[in-house]
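If you read the first sequence in this note's numbering, its first letter stands for residue -16, the second for the next number, and so on.
The structure appears below as structure tokens.
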Amino acid sequence: MSEKQKKRLIPAIKGTKDILPQDIRKWQKVEAVTKKTFELYGYREIRTPIFEATELFEKGTGQTTDIVIKEMYTFTDKGGRSLTLRPEYTPSVVRSIIEKRLYLQPQPLRVYFMGPMFRYDKPQKGRYRQFHQVDIEVFGEKDPAIDAEIVEMADALFKKLKVTDTEVLVNSVGCRRCRPAYHKELRRKAEQAGERLCADCQKKIMTNPLRIFDCKVKTCREASKGFPEITDYLCPECEEHFSKFCSYLDLYGIDYRREPRLVRGLDYYTKTTFEIVSSRLGAQDAILGGGRYDDMMKDFGGPDICGIGFAMGLERFISVVPFTEKKEKFIYLACLGDRAKRAGMELARYLRRDGVECLIEYKERSLKSQMSRADKLGAAWVLIIGEDEVKKGLYQLKEMATGMQRECSREEIMKIIQESS
RNA sequence: GUGAGCGUAGCUCAACUGGUCAGAGCAUCGGACUGUGGAUCCGAAGGUUGGGGGUUCGAGACCCCUCGCUCACCCCA
-16 MSEKQKKRLI PAIKGTKDIL PQDIRKWQKV EAVTKKTFEL YGYREIRTPI FEATELFEKG
44 TGQTTDIVIK EMYTFTDKGG RSLTLRPEYT PSVVRSIIEK RLYLQPQPLR VYFMGPMFRY
104 DKPQKGRYRQ FHQVDIEVFG EKDPAIDAEI VEMADALFKK LKVTDTEVLV NSVGCRRCRP
164 AYHKELRRKA EQAGERLCAD CQKKIMTNPL RIFDCKVKTC REASKGFPEI TDYLCPECEE
224 HFSKFCSYLD LYGIDYRREP RLVRGLDYYT KTTFEIVSSR LGAQDAILGG GRYDDMMKDF
284 GGPDICGIGF AMGLERFISV VPFTEKKEKF IYLACLGDRA KRAGMELARY LRRDGVECLI
344 EYKERSLKSQ MSRADKLGAA WVLIIGEDEV KKGLYQLKEM ATGMQRECSR EEIMKIIQES
404 S
């Protein structure tokens, strides 16, 4: 290896982000409030492995989805198994519930999760290759009241964190009984549109015609205006489910907009789908998205238990949460000379044992330099420890904000600091 | 995967059409002030101008390739 190669630093992987100490408080706060909120609704945390058998996502997320077709981090391990870093969470949870027989517990079963997801996408604003999601899932509750409850819970979370400029979009994508007729009609109309649809949409006619509505090409938008909407084709059961869902949202006083063209790009959704979008993000404006997936459990070879859930993009959410950091109060021990340093080390141990945050200066520095450092670091107090102080067992405690200074024993220091916080 | 814009010190930016152009401010560290912070002044450190090739007497600037960043498309959280 040449000198040049040795020196070249190894950069972070494209599409990944370091969350630095200066940003971590915000993350921790959002995570804490989110967990607390979910727990209020009876959710409990579940953690599953970061990778799974590739097949799990192929089957769960769906063979026709972009996630499976082109965005998965798939690799072969030394045992020849095809593994994939999870691109989304729902299939993992469903797998775990079936495998561990969690469905034998009283239903509905409510679980939540937080952690990194991986998608090989081209990074842009609000989209990364490793990103974080908060995810909730409910199993075994057919009542549309639960659909409304989870939207209300998301709404409550947004309000708690003072997130504004958002909009709730809702739709129903029907079920296996009513969707085929709709798809057939939609395909027929799409085929009639012919050349007015772009090449991509031509393909979607066969694979997943619902997604033609997502297309942003102008001619496609024009053409799709005349296409039938799913909500006109719902079977009585789906129709009732959707109207009850909406009436419950009304009950909660949640503003929402029916968006018949809202299509989740995942194959497994049935009946209810929804999104919360923010006008303060860029093109990737969906903070949260989810829906019902009544067939997944059964399709995975488990019992016929319905499911519903949503995923929230933490990076996107955090970017619209207002936040002012509250500074922690701590004491900086300025030591002058070796004996003082030793005394300071003992004092720091004494203070920390009772929960006082301390920083101690180990390097020989002038008092001036140490004061300056304490100020820059944001210390609330500086404790000056020199030869005289060590002899007397009394130290100079200076409050940085006021500049007031007094002589204190270590017990007095402890008392002053604990009383101030 | 496609397209556009951009890559000069940790950060924000200079350097006319290629010719002392490798600089400034902030931040860092030190000193003036060797037991007292925030101000001021002085100083130090920090860059093979993202990387590689080419054109040229000469390239940070021009050309090609590559990597990265940003934004948009696609898609999604």
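Ideal Cβ placement from N, Cα and C applies to all residues, glycine included.
A direct Cα-Cα distance of roughly 41 Å separates Glu35 from Glu311. The C-alpha of Gly25 lies about 16 Å from the C-alpha of Gly290. Between Gln116 and Met295, the C-beta spacing is below 8 Å. Secondary structure of Ala266 (DSSP, three-state): coil. Distance between Met97 and Thr20, taken at the CA atoms: about 13 Å.
Look at Leu350 here: in three-state DSSP terms it is helix. According to the DSSP secondary-structure assignment, Tyr95 is paired through a beta bridge with Glu28, Ile119. Just measuring C-alpha positions, the residue of Pro32, Leu85, Val76 sitting nearest Leu66 is Pro32. Taking C-alpha positions only, Glu54 is separated from Thr(-1) by approximately 15 Å. About 5 Å separates the Cβ atoms of Ser261 and Val303, confirming a contact at the 8 Å cut-off. Taking 8 Å as the cut-off, the Cβ atoms of Lys186 and Arg112 do not count as close. Taking the Cβ atoms as the reference, Leu380 lies roughly 10 Å from Ile368, outside the contact range of under 8 Å. Put simply, the backbone Cα of Asp148 is about 44 Å away from that of Val365. With three or more CB-CB distances shorter than 8 Å, the region 170 to 188 counts as touching the region 207 to 217. When secondary structure is reduced to three states using DSSP, Met55 falls in the coil class, being assigned neither helix nor strand. Bounds of the alpha helix (DSSP H) holding Ala137 are 127 to 143. With respect to Ala384, Phe313 sits apart: the two C-beta atoms are not nearer than 8 Å.
Contact between the region 218 to 236 and the region 7 to 21 is not established, with fewer than three Cβ pairs separated by less than 8 Å. Following the DSSP letters along the chain, one finds Ala206 inside the alpha helix (DSSP H) bounded by residues 201 to 208.
Contact between the region 71 to 83 and the region 116 to 129 is present: three or more C-beta pairs spanning the two stretches fall below 8 Å. If the five residues before and after Gly272 are omitted, its C-beta is found closer than 6 Å to the C-beta atoms of Glu258, all from its own chain and listed in chain order. Between the alpha carbons of Glu370 and Ala317 lies a gap of roughly 12 Å.
Scanning Tyr86, Met354, Leu232 for the CA closest to the CA of Ala128 turns up Leu232. Between Ile2 and Arg389, the alpha-carbon positions lie close to 40 Å from each other. Counted as a single uninterrupted DSSP element, the beta strand (DSSP E) harbouring Val153 occupies residues 149 to 155. When the five nearest sequence neighbours on each side are left out, no beta carbon in the same chain lies closer than 6 Å to the beta carbon of Arg159. In the DSSP assignment, Ser404 falls outside any beta strand (DSSP E), carrying neither H nor E. Our two residues, Arg8 and Lys105, have alpha carbons roughly 28 Å apart in a direct line. Straight-line measurement puts the Cα of Pro163 at about 21 Å from the Cα of Asp183. Annotation: the region 248 to 306 contains the following complete segments of the alpha helix (DSSP H) (minimum length 4 residues), in chain order: 279 to 282, 297 to 303. With contacts defined by Cβ atoms closer than 8 Å, Asp130 and Ile237 do not form a contacting pair. Beyond the five residues adjoining it in sequence on each side, Asp268 comes within less than 6 Å, by CB distance, of Val260, Ser261 in the same chain, given in chain order. Counting along the chain, the unbroken beta strand (DSSP E) around Tyr378 starts and ends at 378 to 382. Restricting attention to Leu319, Phe40, Ser404, Lys172, the CA atom closest to the CA of Glu347 is found in Leu319. Rounded to whole angstroms, Thr48 and Glu344 show a C-alpha spacing of 57 Å. Apart from the 5 residues on each side of it in sequence, Cys341 sits with its Cβ closer than 7 Å to the Cβ of Phe313, Ile314, Leu316, Ala331, Leu334, Arg335 in its chain, given in chain order.
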